Structure formats: structure tokens, C-alpha cells
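Each residue of the sequence shown is one higher than the one before, starting from 1 at the first, in the UniProt record's numbering. Quick notes on the structure that follows.
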Amino acid sequence: MKMLLVPRCGHTLTAVAPTNAHGPRLILFGGATAIEGGGSSRVPGIRLAGVTNSVHSYDVLTRKWFR
1 MKMLLVPRCG HTLTAVAPTN AHGPRLILFG GATAIEGGGS SRVPGIRLAG VTNSVHSYDV
61 LTRKWFR
């Protein structure tokens, strides 16, 4: 089954060097999957919505995401 990640903002992405157990990885943590508010909203300003604390790992060599 192919993993599908939705676009997000406010996340962290950390590069991890290869070890004896695995190749180089990127670790994605958290973020928000939506932004609410703006000019058409009754409440001024914008806010992050769909906030997540999920962790995903991207294998740079195989180009695959893992949870």
C-alpha cells in the first residue's frame, strides 16, 4: 500500500545520517494540514487547522515514506 502524505506547513524536517542499520533518512514531524481564516473570514487573521503530531520517515535511497 502506497503512503500518501498531504501537504502541510509548520512542520519540522530533519536529515539523519546513515548508520549500520539504515541509509540516510529525513524525519518529518507534525505540522498543520490546513489554514483557516483570511480576508473572507469574520474572525481577523489566520490560524493553523488540522494540526498533527505524526512522525514519518523518508528513505532517501528507496524514495519511500514510512510511518
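Ideal Cβ placement from N, Cα and C applies to all residues, glycine included. None of the values given here were measured: they were computed from a predicted structure.
Would residue i be called buried (16 or more neighbouring beta carbons within 10 Å of its own) or exposed?
i: residue 61; result: exposed
i: residue 28; result: buried
i: residue 31; result: buried
Considering just the uninterrupted stretch of the beta strand (DSSP E) at residue i, what are its terminal residues?
i: residue 56; result: 46 to 59
i: residue 26; result: 25 to 37
i: residue 15; result: 12 to 16
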